[in-house]
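Asks: If you scroll down you'll find the structure; I have some questions about it.
In full-length UniProt numbering, the protein residues as written are 1 to 257.
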């Protein structure tokens, strides 16, 4: 596996994002089942479901008639929106991503887990009553916060020497990883702002992932990059919030159409 692909496996631009935006388009009738499956295949060509199958799961989601489809990207210290002490919270926190389908009285939650290089397995949870989005960040607010992160993130690479055993230049890796993270398609309804926020979030995230990969040789651990060091923690929080805001804005626009 290439360095870029390895780093991308740690990214917030994961299969839950794809399932969220394309299932919203599917529920709204602007995308067919084949388009939803094709979008999911960008992460793995084979999609399976724990204790079930994908057609039955999609039928359950359709029957639920969700009024909201949304992405959550939980992280250590940030489990907002997840029911405390539940299997759902444990699974979502372990994976770092979950897509929620909120109906009138219940929520279906899906957590993806790569089972092999070509297989993505989804674990489904039914929660009653329906979950509520605790404090949604408007897309405009997310973009404003992201502007500051775009200015600050390059310092994460400043002065970082290449790892002694590495052949990849960090700055070239950032460019390649940014393109990789931005390659996943969005429904046609996605606004220019949503695209712009996701592109900017991907660039900042690429810098953080590459900086974290250099950590053993620059006095910076990946754990501190994602949770311990205050500056990195804030940058990661901004990236997660921006991606969630953009994805959920696309989902809202689809369901309103």
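A virtual CB, placed ideally from N, CA and C, is assigned to each residue, including glycine.
Given the structure is predicted, the values throughout are model-derived calculations rather than measurements.
Which word fits residue 189, buried or exposed, when buried means at least 16 other C-beta atoms lie within 10 angstroms of its C-beta?
Replies: If you number the chain shown from 1, residue 189 lands on position 189. Counting Cβ neighbours within 10 Å, residue 189 comes out buried, since at least 16 surround it.
Asks: Step through the CB atoms of chain B and report whether any lies within less than 7 Å of the CB of residue 124.
Replies: The structure shown contains no chain B, having only a single protein chain.
Asks: Secondary structure at residue 221, three-state DSSP: helix, strand or coil?
Replies: Position 221 of the chain shown, counted from the first residue, corresponds to residue 221. Any answer about residue 221 is weak, because its pLDDT of 46 lies below 50 and its placement is not dependable; what the coordinates show is given next. Residue state, collapsed to three classes: coil.
Asks: Beta-carbon within less than 6 Å of residue 125's beta-carbon, same chain only, minus the 5 sequence neighbours each way: which residues are those?
Replies: As a working note, residue 125 is residue 125 in the chain shown. Correct list, in chain order: 88 and 109.
Asks: Candidates 172, 179, 196 and 113: which alpha carbon is nearest residue 146's?
Replies: Position 146 of the chain shown, counted from the start, is the residue given in the question as residue 146. The shortest C-alpha separation from residue 146 is found at 196.
Asks: Throw me the rounded Cβ distance for the residue 46 and residue 71 pair, which I believe falls under 8 Å.
Replies: Stepping through the chain shown from its first residue, residue 46 is reached at position 46. Stepping through the chain shown from its first residue, residue 71 is reached at position 71. Actually they are not in contact, since the Cβ atoms of residue 46 and residue 71 sit about 22 Å apart, beyond 8 Å.
Asks: Which word fits residue 143, buried or exposed, when buried means at least 16 other C-beta atoms lie within 10 angstroms of its C-beta?
Replies: By 1-based counting over the chain shown, the position of residue 143 is 143. It counts as buried.
Asks: Should residue 21 go down as buried or exposed, given a rule of 16 or more other Cβ atoms within 10 Å for buried?
Replies: As a position in the chain shown, residue 21 is number 21, starting the count at 1. Buried, because 16 or more other Cβ atoms sit within 10 Å of the Cβ of residue 21.
Asks: Less than 6 Å between the CB of residue 178 and some heavy atom of the ligand FMN, yes or no?
Replies: Because no ligand of any kind appears in the structure shown, any question about the ligand FMN cannot be addressed here.
Asks: Assuming residue 246 and residue 198 make a contact with CB atoms under 8 Å, what is their CB distance in whole Å?
Replies: Position 246 of the chain shown, counted from the first residue, corresponds to residue 246. Position 198 of the chain shown, counted from the first residue, corresponds to residue 198. Rounded, the Cβ-Cβ distance is 5 Å, consistent with contact.
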